[in-house]
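Here this note's numbering = 1-based position in the sequence shown + 30. One structure is given here, and the rest of the page talks about it.
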Amino acid sequence: MKSNLLFNFTVEKAAKRVYITREFAAELSLVWDAFTKQENLDKWTAPSPWVSKTKYMNFEVGGKRFYAMVSPEGQERWSIQEYTSITPNTHFKMYNAFADKDENPELPGSEWDYNFSQQNGITKVRITIFNESFERMENLLEGFQQGFTATLKNLDNLLNTLSHK
31 MKSNLLFNFT VEKAAKRVYI TREFAAELSL VWDAFTKQEN LDKWTAPSPW
81 VSKTKYMNFE VGGKRFYAMV SPEGQERWSI QEYTSITPNT HFKMYNAFAD
131 KDENPELPGS EWDYNFSQQN GITKVRITIF NESFERMENL LEGFQQGFTA
181 TLKNLDNLLN TLSHK
C-alpha cells in the first residue's frame, strides 16, 4: 500500500470550519461506496475498539442514516445524518447531529461537504465541516481528530480488502 498519501486536517476557527483532505490508494468507485453504503460504513466509521451499528440508511437527497458507535461495554453514542445533496461518485452533503436512541437530535449539528476525485489510481476525498457553534466544535475537536484519524486507518484496511476481491 502506498505510504506517502496526503492527509491534512486543518481548523479555521474564524470560519467555524474543519478541512480534511485524504488520499487513498484505491479506485474512486470503491472509496465512494465506502462512504455511501451501509455495509461498508459499519466496517470503518468507529474507532477501535468501538464498532458502528446502523439502524437504517437511505442514501438519497432527504434520506437519512441513523447509527450508533457502540463501546465494548455496550454504551451507544447515536448520530443522525440527513443527506442534502448528492452528485454520484463526486460529491455529497449531509447535516450531522448527535442524537438519542429515539432519534431526537442534539442541536446544533454540523454541515459536512464531501468531494471525491481520482488521478493516477489515487482517490482524493476533501471534506469540509461547518459548525455554527464553534464552541461546541472546539470542545469536540481533539477527540474528533484522534477518532477520525483512527477511522481512516480502518478505511484503509477496508479498501485494501475490497481492492483485492
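The beta-carbon is built from N, C-alpha and C at its ideal position, and this holds for glycine as well. Here the structure is a predicted model, which means the values were calculated and not measured.
- In the structure shown, N150 adopts coil according to DSSP, grouped into three states.
- The shortest CA-to-CA distance from Y144 to any of P135, E133, R156 and K46 is the one to R156.
- Excluding residues up to 5 positions away in sequence, A127, F128 and A129 lie with their Cβ nearer than 7 Å to the Cβ of E136 in the same chain.
- Between W80 and F146, the beta carbon gap of about 26 Å keeps them out of contact (Cβ cut-off 8 Å).
- For the pair K94 and E112, the CB atoms are nearer than the 9 Å cut-off.
- In the displayed model, K67 falls within coil according to three-state DSSP, outside both helix and strand.
- Straight-line measurement puts the Cα of G104 at about 31 Å from the Cα of T158.
- Judged by beta-carbon spacing, L189 lies beyond the 9 Å limit of R52, meaning their Cβ atoms are not closer than that value.
- The residues K46, S140 and M167, in chain order, have a CB closer than 6 Å to that of N161 in the same chain once the five nearest residues on each side in sequence are set aside.
- With a beta-carbon spacing of about 7 Å, K123 and W142 fall inside the 8 Å limit used to define contacts.
- Non-local beta-carbon contacts of S193 in its own chain, meaning distances under 7 Å to residues more than five positions away in sequence, involve A56 and L60 in chain order.
- In its chain, beyond the 5 residues on either side, F96 have a beta carbon closer than 6 Å to the beta carbon of Y86.
- Straight-line measurement puts the Cα of A98 at about 6 Å from the Cα of S82.
- The beta carbons of E133 and I110 sit closer together than 9 Å.
- At least 9 Å separates the beta-carbon of V41 from that of A76.
- Counting along the chain, K183 sits inside the alpha helix (DSSP H) bounded by residues F164 to S193.
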